[in-house]
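Per our numbering, the sequence shown runs over residues 306 to 421.
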Amino acid sequence: MKEKNTHGRWLPKMSRRRFFTSAGAAAAVATSGLSGLAAADDLAPLDENDPTAKALNYVHDAKTVDAAKRFSDQYCSNCVLFTGDSDDEWAGCGIFPGKAVAGKGWCSAWAAKQSS
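Given below as structure tokens:
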């Protein structure tokens, strides 16, 4: 489905999934320079009952997520938004500023890291 923008051009509508993927990538770029400012030890662990965490279906253990929602290889530790190393138990996240997420966790904003 398409809609006109303010310049009279037709543009495709953006799906919710595409919006969050794009927003996540933009957040990662915006926070990439800030990732070294706070160590995971300085961050409080994200509460699974936090309103944003609940909205994005965040869990500390990705293996508890229904397989229909999450591919088996998706973890916070291999998400572009995860600010730590892939083997870190806890680290910051571009979606949850000031909080640490579990490396073995997952949320619906997960986006793959680009391979180097």
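Here a beta-carbon is modelled for each residue, glycine too, at the ideal position from N, C-alpha and C.
Other residues of its chain near residue i: CB distance less than 6 Å, five sequence neighbours each side excluded
| i | result |
| --- | --- |
| L351 | A358, F401, K404, V406 |
| S413 | L361, N362 |
| G408 | C381, S382, D393, E394 |
| A417 | none |
| H365 | A407, G410 |
Contacting residues, own chain, Cβ-Cβ under 7 Å from residue i (five flanking each side not counted)
| i | result |
| --- | --- |
| Q379 | A367, W411, W415 |
Contacting residues, own chain, Cβ-Cβ under 8 Å from residue i (five flanking each side not counted)
| i | result |
| --- | --- |
| A349 | G403, K404, A405 |
Alpha-carbon to alpha-carbon, residue j and residue i
| i | j | result |
| --- | --- | --- |
| E353 | Q419 | 27 Å |
| G338 | D347 | Bear in mind that the predicted position of G338 carries a pLDDT of just 46, short of 50, making it unreliable; the figure below should be weighed with that in mind. Their Cα atoms are separated by approximately 17 Å. |
| V370 | D390 | 23 Å |
Identified DSSP bridge partners for residue i
| i | result |
| --- | --- |
| A417 | C384 |
**Message:** Suppose only complete runs of 4+ residues qualify. What are the alpha helix (DSSP H) ranges in the stretch 340-412, listed by chain order?
**Reply:** 356-360
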